[in-house]
Each structure stands twice: as structure tokens, then as C-alpha cells.
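Below is one structure, written out as C-alpha cells, with a few remarks after it.
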Amino acid sequence: MLASGNSAAAQCVRNLLLIRRGEVPYARMKGLDADLIDRPSVNTAPIVEADAEWLVENYEPRVSLDSIEITAELAEDGQFAVKVNTVPGE
């Protein structure tokens with residue numbers, strides 16, 4: 033990974049957030065819970081934020097989280113914006 037230029041902690045966090053739980057052989061808990069995708073509830077964002085926080089804390093020890101925000105943006109592809117804030121100085 034280092035030779036590919038994707039070993040930075042921020043890139044690793046981004047990669048983790050793109051994985052759906054169950055996709056990684058021998059690490060089936062790695063990734064976001066796929067059951068939360070396309071869930072019709074308005075109150076899904078806090079659940080996804082908590083799941084993302086658990087994911088980053090368990091699989092990326094180089095990052096100390098301050099907060100995670102998930103916001104819906106008007107986009108043609110239906111994507112959400114995920115903003116991960118780390119603790120300053122780490």
C-alpha cells in the first residue's frame with residue numbers, strides 16, 4: 033500500500049467507509065452495515081455515524097476521532113457526504 037500512495041491515515045479511513053460489512057474475506061465485520069443503506073427512516077444518520085465511528089476506532093488506530101457527520105446533499109448519484117473530524121494534533 034505504501035508504494036501505491038494510499039497508506040495515509042485519511043485515505044485508509046476513506047477506504048474503510050467505502051467497504052460494506054461482509055465484503056472482506058476473513059474480516060467480515062470490517063465495513064459499514066449494509067442494512068443501513070437505503071433505510072427509509074429519517075433517523076438513520078445517527079446510527080450510521082455511530083457505526084462509522086466504531087469502524088474507524090477499531091480498524092484505523094492511527095486516527096483519533098473528534099466527530100463524524102453525515103449529511104445528505106443533492107447529487108445525481110444519490111451519495112451522502114461523510115465528514116470525519118480528527119482530534120487536533122494527532
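Per the numbering used here, the very first residue in the sequence shown carries number 33; after that it's consecutive.
A virtual CB, placed ideally from N, CA and C, is assigned to each residue, including glycine.
Note that the coordinates shown come from a computational prediction; the quantities given were computed from them, not determined experimentally.
Cβ-based burial, residue i [other Cβ within 10 Å; buried from 16]
i	result
residue 69	exposed
residue 84	buried
Best match in the options for proximity to residue i [C-alpha to C-alpha]
i	options	result
residue 41	65, 91, 82	91
residue 76	43, 39, 47, 101	101
residue 78	60, 99, 51, 58	99
residue 52	59, 65, 58, 44	65
residue 67	59, 80, 56	80
Residue range of the alpha helix (DSSP H) that includes residue i
i	result
residue 85	76-91
residue 59	That residue, residue 59, is in no alpha helix (DSSP H); it is neither H nor E in DSSP.
residue 42	41-50
Other residues of its chain near residue i: CB distance less than 7 Å, five sequence neighbours each side excluded
i	result
residue 86	none
residue 61	53
Distance between beta carbons of residue j and residue i, contact taken as under 8 Å
i	j	result
residue 48	residue 88	6 Å
Own chain, CB closer than 8 Å to residue i, minus 5 neighbours either side, in chain order
i	result
residue 63	48, 51, 52, 53, 54, 55, 56, 87
Sequence-distant residues of its chain with Cβ nearer than 6 Å to residue i (five each side left out)
i	result
residue 93	none
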